[in-house]
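Beneath this line is the structure, given in structure tokens, with notes to follow.
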């Protein structure tokens, strides 16, 4: 069975090279980054869950293609991809 992992959003505190090396070392088949690199930082309508303001974490998502490039530079076997869950 092939098992992969997906990096959670937001992942701004997680170093992509560390995650990729560790995932490959542990035998995971693939590493996935979410494909949501562009999100609003302001909105004309209020955000419902916070009383209006867009949550701070929404402004700090990991850019998937840069993260995957960093992962590719330090791994040799693990498959890399983007995905929406």
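Residue numbers (the working numbering): 1312 to 1396. Beta carbons: idealized from backbone N, C-alpha and C, even for Gly.
Pair within 8 Å by beta-carbon distance, residue i and residue j
i, j, result
"residue 1340", "residue 1314", "yes"
"residue 1380", "residue 1331", "no"
"residue 1344", "residue 1387", "no"
Residue i (DSSP reduced to helix, strand or coil)
i, result
"residue 1369", "helix"
Residues bridged to residue i [DSSP beta-bridge criterion]
i, result
"residue 1391", "1342"
"residue 1363", "1358"
Where the alpha helix (DSSP H) containing residue i begins and where it ends
i, result
"residue 1385", "1375-1385"
"residue 1329", "1327-1336"
Anticipated Cβ contact below 8 Å, residue i with residue j, distance rounded
i, j, result
"residue 1391", "residue 1320", "Contact flag wrong, Cβ pair sits at about 17 Å."
N-terminal and C-terminal residue of the beta strand (DSSP E) that residue i is part of
i, result
"residue 1315", "1315-1318"
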